[in-house]
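A.B. asks: Have a look at the structure that comes next, please.
In UniProt numbering, the protein residues as written are 1 to 411.
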């Protein structure tokens with residue numbers, strides 16, 4: 001009974017935070033035009049929205065525990081429906097604000113470009129108006145997927161998106177259903193340039209960025225086969241994702257548990273790997289029970305590494321309430337230390353208000369765990385921060401902000 005009272009108290013705190021977010025949105029609805037909301041307000045809205053979405057995950061966990069303890073289930077289901085509807089309506093409203101502001105910035109940029117080019121033309125020619133294709137991605141449709149807790153890739157309700165084995169979007173080939181594809185992305189290279197100033201660098205958080213690996217380094221790909229040499233259908237995994245002196249691979253510190261044993265492990269996020277891996281040392285530390293499995297991984301020049309077993313672990317984010325069950329193949333070593341040399345992190349000018357997935361990403365260290373594509377695309381967020389030319393990019397994930405891409409010469 002004491003536990004139920006404590007959970008109800010937590011739920012009341014969540015409701016108060018919902019009210020605070022709603023109060024922040026209300027003045028924005030009263031503004032006459034999109035342009036009255038400046039960049040700072042929209043950046044703040046984006047950060048608040050990220051935290052608000054995380055709050056919805058926390059509510060789901062707390063409410064599920066309450067429903068398991070309270071005998072009046074119908075009352076609790078009504079409570080869930082009412083609160084979740086608040087979450088969905090406010091999330092959709094905030095997303096529409098951000099999309100309207102981004103569309104406004106794009107339109108202003110086009111008008112400014114037209115005025116600049118027309119000034120140099122002597123004979124003014126009036127061009128016919130061009131019809132801008134409408135935005136085809138429905139935020140309410142995405143909200144429904146979130147509301148119904150179904151797979152965003154195949155729209156079925158018997159698994160989550162990171163567990164889905166079906167092909168992704170037919171338009172962009174990414175891991176979401178074609179019905180959820182958004183076509184209002186800026187063309188490549190059309191993002192506004194950031195001013196480069198060594199004395200006072202300014203980094204703008206870009207929101208609603210489509211999941212992409214354009215700014216992430218490619219890993220070393222390999223194929224996993226059965227012992228008799230027959231290849232499984234199109235399996236791609238990573239044997240050893242070695243880093244170059246120009247590329248920084250994305251790492252994160254996560255909590256991993258097995259039978260009550262919880263340890264913090266350093267993970268490599270690899271979108272080029274179809275499977276996940278764990279080192280023998282990390283498996284032994286967790287005391288995981290393994291299942292025997294005779295397979296081998298073939299890499300570059302058909303070099304092979306034998307796999308004798310796999311184990312099941314639970315990965316928990318230290319940044320949000322995200323967690324997932326992962327099947328990992330056991331390898332003696334996943335990769336060399338990453339990065340291979342220490343990075344001069346003071347020259348990157350990383351915003352201090354962002355919580356990094358791996359606070360020691362710049363210092364060479366062992367990799368205990370490799371999380372493959374199914375986890376990578378499930379945790380990848382839509383916000384990014386570009387640090388400047390020849391510098392890495394920050395991408396928000398449910399594990400924290402990852403740092404990946406080009407970097408300065410290692411010190």
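Where is the CB? At the ideal position from N, CA and C, for every residue including glycine.
Could you check what DSSP says for residue 153 in three-state terms: helix, strand or coil?
C.D. replies: In the structure shown, residue 153 sits in coil (DSSP, three-state: anything other than H, G, I, E or B).
A.B. asks: Pairing CB atoms from the region 383-390 with CB atoms from the region 280-291, are three or more of them under 8 Å?
C.D. replies: Verdict: no, contact absent.
A.B. asks: Please return the same chain residues whose Cβ sits closer than 7 Å to the Cβ of residue 156, not counting the five positions on each side in sequence.
C.D. replies: Taken in chain order, the residues that qualify are 150.
A.B. asks: Quick one: what does DSSP say residue 226 is sitting in, helix, strand or coil?
C.D. replies: Here the model assigns residue 226 a pLDDT of 43, short of 50, so the residue's position is not dependable, and the following value carries that caveat. Three-state result, residue 226: strand.
A.B. asks: So, at 7 Å on beta carbons, what are the nonlocal neighbours of residue 218 in its own chain, with the 5 sequence-adjacent residues on each side left out?
C.D. replies: Residue confidence for residue 218 is low, a pLDDT of 42 falling below 50, so the modelled location carries little weight; the figure read from the coordinates is stated next. Correct list, in chain order: 272.
A.B. asks: Would residue 395 be called buried (16 or more neighbouring beta carbons within 10 Å of its own) or exposed?
C.D. replies: With 16 or more other Cβ atoms within 10 Å, it is buried.
A.B. asks: Do residue 331 and residue 277 have their CB atoms nearer than 8 Å?
C.D. replies: Their beta carbons are under 8 Å apart, which means residue 331 touches residue 277 by this criterion.
A.B. asks: If you draw a straight line from the alpha carbon of residue 329 to that of residue 270, how long is it in whole angstroms?
C.D. replies: The alpha-carbon atoms of residue 329 and residue 270 are separated by roughly 15 Å.
A.B. asks: Grab the span of the beta strand (DSSP E) containing residue 255 for me, first residue to last.
C.D. replies: 251-258 is the extent of the beta strand (DSSP E) around residue 255.
A.B. asks: Taking the straight line between their C-alpha atoms, what separation do you get for residue 344 and residue 360?
C.D. replies: C-alpha separation (whole angstroms): 12 Å.
A.B. asks: Here's a check: name, in chain order, each residue in its chain whose Cβ is nearer than 7 Å to the Cβ of residue 3, leaving out the five neighbours to either side.
C.D. replies: Closer than 7 Å at Cβ, skipping near neighbours: 69.
A.B. asks: Rounded to whole angstroms, how far is the Cβ of residue 404 from the Cβ of residue 249, which I believe are closer than 8 Å?
C.D. replies: The pair is a contact, with the Cβ atoms about 6 Å apart (cut-off 8 Å).
A.B. asks: Since residue 313 and residue 258 should fall inside the 8 Å C-beta cutoff, what is the C-beta to C-beta distance between them, to a whole number of angstroms?
C.D. replies: Contact flag correct, Cβ pair sits at about 5 Å.
A.B. asks: Can you tell me whether residue 95 is buried or exposed, with buried defined as 16 or more other CB within 10 angstroms of its CB?
C.D. replies: So residue 95 counts as buried.
A.B. asks: Return helix, strand or coil for residue 337, following the three-state DSSP convention.
C.D. replies: Coil at residue 337, not helix or strand.
A.B. asks: DSSP on residue 90, reduced to helix/strand/coil?
C.D. replies: Note: residue 90 maps to helix in three-state DSSP.
A.B. asks: Helix, strand or coil for residue 171, going by three-state DSSP, please let me know.
C.D. replies: Of the three classes helix, strand and coil, the one that applies to residue 171 here is coil, per DSSP.
A.B. asks: Quick check on this structure: which residue in 311, 326, 275 has the alpha carbon closest to the alpha carbon of residue 289?
C.D. replies: The shortest C-alpha separation from residue 289 is found at 311.
A.B. asks: Residues in the same chain with beta-carbon distance under 8 Å from residue 81, minus the five sequence neighbours each way, listed in chain order, please.
C.D. replies: If we look at residue 81 and ignore the five residues flanking it on each side, it has no Cβ neighbours.
A.B. asks: Measure the C-alpha to C-alpha separation of residue 50 and residue 294 and round it to an integer number of angstroms.
C.D. replies: Taking the straight line from one Cα to the other gives about 43 Å.
A.B. asks: In angstroms, rounded to a whole number, what distance separates the CA positions of residue 362 and residue 58?
C.D. replies: Taking the straight line from one Cα to the other gives about 31 Å.
A.B. asks: Would you mind reading off the limits of the beta strand (DSSP E) that contains residue 404?
C.D. replies: Residues 400-404.
A.B. asks: Is the CB-CB distance between residue 402 and residue 247 below 8 Å?
C.D. replies: No, the pair does not count as a contact, with Cβ atoms beyond the cut-off.
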